[in-house]
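In what follows, a single structure is set out as structure tokens and then discussed.
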Amino acid sequence: MNFIKKIDGLYCLLIIYLFFSLSTVLLWSYKGEKKVTGDEPHYLIMANGIYKYKTLEQTKPYREEFRTRDVYEFGLAPWDAEPSGDNAHSVMENNGLFNIHNIGLPILVGLPFVFGGILGAKIFLIIFSSLIVLIAWKISGIYSSNKRNRILAVAASTIALPFIPASNQVFPDIIAGIAALTGLYWFLTIKYNRPAAIEFLFIAAIVFMPWLQIKFAATCALIVCSLVLKIYIETKNFKKISLIIFSMAASLLLLAFYNNHAFGKISGPYSDGALELSKTSLMVLLGLFLDQNHGFVLANPVNFIGVIAIGWMFKSNRIFALLWGGVFLSLLVPNSLHPNWYGGLSFSGRFAWAASVVFTIPTIFGLLKIANQKNNLFLLLTSLGVILQFYFFILYALISVDTYNKSADVWIGNYSIFHFPFDLWMPALYNSRWAFEYLPNIGFSLFFVFLLISGFFHFNKKVFYLFLIFVFSCGILESSKDKKLVFYPKEMPHETGRVNGSGRLAEEGYDLSGFIHYGPPLLIRNGSYEVTLSYKSSADDSDEVGRFDVYSQKSHSIINQEVMNGTQGVEKKLTMKFRVDQAGKDFIEFRTNWNGSSRVEILEITFSY
1 MNFIKKIDGL YCLLIIYLFF SLSTVLLWSY KGEKKVTGDE PHYLIMANGI YKYKTLEQTK
61 PYREEFRTRD VYEFGLAPWD AEPSGDNAHS VMENNGLFNI HNIGLPILVG LPFVFGGILG
121 AKIFLIIFSS LIVLIAWKIS GIYSSNKRNR ILAVAASTIA LPFIPASNQV FPDIIAGIAA
181 LTGLYWFLTI KYNRPAAIEF LFIAAIVFMP WLQIKFAATC ALIVCSLVLK IYIETKNFKK
241 ISLIIFSMAA SLLLLAFYNN HAFGKISGPY SDGALELSKT SLMVLLGLFL DQNHGFVLAN
301 PVNFIGVIAI GWMFKSNRIF ALLWGGVFLS LLVPNSLHPN WYGGLSFSGR FAWAASVVFT
361 IPTIFGLLKI ANQKNNLFLL LTSLGVILQF YFFILYALIS VDTYNKSADV WIGNYSIFHF
421 PFDLWMPALY NSRWAFEYLP NIGFSLFFVF LLISGFFHFN KKVFYLFLIF VFSCGILESS
481 KDKKLVFYPK EMPHETGRVN GSGRLAEEGY DLSGFIHYGP PLLIRNGSYE VTLSYKSSAD
541 DSDEVGRFDV YSQKSHSIIN QEVMNGTQGV EKKLTMKFRV DQAGKDFIEF RTNWNGSSRV
601 EILEITFSY
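Residues 1 to 609 (full-length UniProt numbering) are what the sequence shown spells out, left to right.
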């Protein structure tokens, strides 16, 4: 890899990062996929109000959006609707209609949006997000002077999930993470001589955090207090201290003035119940680390090195490690307590994005430490990490897998975004009813704790291998269990019949022939499956009363079907095997087509996988 010594590491990394990030958003735009949704349209409408109408009051920009649907093509409200709290994510107070979302992000993306539309705003956010690579490169220079090692460590930790697909999303999380990363880098290099303009940009980035979302105020305060204390101890530069304190105070006062004007209180449009401490919030906290969709560690498994390196970093620089830990937790824990679990209608993992940016520090620190001690292991880890991220890029950018949050009730076979066919071996922390009993969740959580503790104490290879075997065993045991999904006909679409308990009933002379039930529909991957219909019929067992089939919505054809005969009033189970060959793209339905004879009760449908 001598050629690496001849290139500029930072420029190379930035070009690669921008190539993959821009390719992703342009591919999505070309295919008409991953359009703005959830809270994203509201941020852009606010931006339009600020820069086009020169106002923070929301009536005009929302009225325009209702009429034109330039931002959200499906329409937030009828074209002639009047903006209100019900259709504009806003609150009506004495001074008008004001959006409940913070105004920091609209201020940043306003001009790119006004001049370049939605794509212009997204490209701006991608370019802005490349600061992750820039700052990570600067931080890597503190820990190593080896250019090759720095390039590989930064590439493996930043040109990866979640940053590439997240970089174009119109949310404040990545920007907040960059601001926090800036503050941590400044803390590490407080004695460096920099132009005043650069340090002013550092200050501006940090004190802007509460404007992005009020929850980032705690992170901002922690960084500011730490910087002030360190400057006082090490340089006693009271001019710099005064500038930081004044900037912080001015930022908070301006924000308080806006909140008071817009919402009648300086804290903004927030009420009791914004945070929840519960079994579900504990699950979400674990999930932001380890869930196969939401967890930043499994999004980029190189971060497992960062888990160990927290302890190494503590041994190397205790004060900085404590500050880093406080900043990291202040970005992650509040999101785990938010009852809009995992961020609602947005990409999976969004609530970990800001913390993910900050976590690049221990990951880079750990990788470079390994590079100094075991170079071949370092090359193996970074190479595997880069290869895995390229595979993920194919999935989200080229194949365009569904990257959005899944419901807590989703079938686990449809839950995984990136890890099929190993999804049943991976943590799934999205339903608190069973998450704490799911074996991969237990295995990975204990493995995570072991790695974390190992960084502070001696790393024991034998125990490490035992934990790997344990995690592997949890996956085997869980994936080998008989898994069933039960559907009750009363909850399914239908053409004929009526509800009877949890099932449905159709009777000759009373109901018309047709589908007693169909649906749900169920999206399933390629593979072999089994479905069992439980039913009763008053007809003799030699008489046909209907047909039970598995129907493909994609091909509009029946995959398999079985004849239903009478049961003489006794419950019968009709089992049918079938296979689906269209991975992740075929919705199937289970249907009972009754021929109108006798009395038929459909009790339940059991899908086995």
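Every residue gets a Cβ at the ideal spot worked out from N, C-alpha and C, and that includes glycine.
Is the CB-CB distance between residue i and residue j below 8 Å?
i	j	result
Pro502	Lys484	Note that residue 502 corresponds to Ser in the displayed sequence, not to Pro. It is not a contact, given that the beta carbons lie outside the stated cut-off.
Phe578	Ile559	yes
Ala309	Gly366	yes
Met209	Ala250	no
Val600	Val545	yes
Ile100	Val71	no
Leu181	Ile132	yes
Tyr17	Ile127	no
Leu119	Phe320	no
Asn259	Ser247	no
Phe263	Ala352	no
Asp291	Ala88	no
Tyr185	Ile123	no
Ala166	Phe347	yes
Ser598	Ser542	no
Lys35	Ser400	no
Lys215	Ile190	no
Ser281	Leu337	yes
By how many angstroms is the C-alpha of residue j removed from the C-alpha of residue i?
i	j	result
Tyr342	Leu323	25 Å
Val333	Gly326	10 Å
Asp80	Thr37	21 Å
His419	Gly306	21 Å
Phe238	Thr59	45 Å
Phe393	Lys369	28 Å
residue 617	Val449	Any question about residue 617 goes unanswered here, given that the chain covers just 1 to 609.
Val91	Leu285	30 Å
Phe464	Phe422	21 Å
Phe3	Ser278	Residue confidence for Phe3 is low, a pLDDT of 48 falling below 50, so the modelled location carries little weight; the figure read from the coordinates is stated next. Between Phe3 and Ser278, the C-alpha separation is close to 53 Å.
Pro440	Ala408	17 Å
Going by DSSP in three states, residue i sits in which element: helix, strand or coil?
i	result
Trp594	strand
Met313	helix
Asn48	helix
Asn42	According to the sequence as given, residue 42 is His; it is not Asn. Reduced to three states, the DSSP call for His42 is helix.
Asp8	coil
Glu199	helix
Ala506	strand
residue 614	The requested residue 614 is not part of the displayed model; the chain covers only 1 to 609.
Glu73	coil
Gly443	helix
Asp549	strand
Arg150	helix
Gly96	strand
Leu429	coil
Quick check on this structure: which residue in the options has the alpha carbon closest to the alpha carbon of residue i?
i	options	result
Val105	Gln213, Ser598, Phe459 and Phe392	The question names Val, but residue 105 is Leu in the sequence shown. Of Gln213, Ser598, Phe459 and Phe392, the residue nearest in Cα terms is Gln213.
Ser445	His458, Phe470, Leu424 and Asp423	Phe470
Thr592	Met492, Tyr609, Phe548 and Ala355	Phe548
Tyr43	Thr24, His494, Leu14 and Phe98	Phe98
Phe382	Phe457, Asn300 and Pro269	A small correction: the amino acid at residue 382 is Thr; Phe does not occupy that position in the sequence shown. Out of Phe457, Asn300 and Pro269, Asn300 has the C-alpha closest to the C-alpha of Thr382.
Tyr396	Glu276, Leu161, Glu199 and Thr280	Leu161
Leu329	Ala355, Phe351, Leu337 and Arg69	Ala355
Asn193	Lys240, Leu424 and Tyr430	Lys240
Lys573	Tyr551, Val550, Ile605 and Gln561	Ile605
Arg148	Leu512, Tyr430, Ile107 and Ala371	Ala371
Gln561	Glu589, Val570 and Gln568	Glu589
Asn102	Ser454, Ser557, Ser281 and Trp211	Trp211
Leu253	Ser281, Leu345, Ser479 and Ala217	Ala217
Ser140	Thr360, Thr55 and Lys315	Thr360
Leaving out the 5 sequence neighbours to the left and right, which residues in its chain are closer than 7 Å to residue i when beta-carbon positions are compared?
i	result
Gly110	Ala47, Ile50 and Tyr51
Ile206	Ala179, Thr182, Gly183, Cys220, Ile223 and Val224
Ala256	Ile266
Ile164	Phe20, Ser21, Thr24 and Phe393
Val563	Glu544 and Arg547
Pro362	Gly306, Ala309, Ile310 and Met313
Skipping 5 residues on each side, what residues in its chain have a beta carbon closer than 6 Å to that of residue i?
i	result
Leu523	Asn414 and Phe587
Ser608	Lys484 and Glu530
Tyr551	Ile558, Glu589 and Arg591
Apart from the five residues on each side of it in sequence, which residues of its chain come closer than 8 Å, Cβ to Cβ, to residue i?
i	result
residue 614	As shown, the chain starts at 1 and ends at 609. That puts residue 614 outside it, with no answer to give.
Val570	Lys536
Thr403	Lys34, Pro165, Phe347, Ser348, Tyr396 and Ile417
Using a Cβ-Cβ distance under 8 Å, would residue i count as near chain C?
i	result
Gln568	In the displayed structure, chain C is absent; only one protein chain is listed.
For the ligand MG, is there any heavy atom lying closer than 7 Å to the beta carbon of residue i?
i	result
Trp137	In terms of ligand content, the structure shown is empty, and the ligand MG therefore cannot be addressed.
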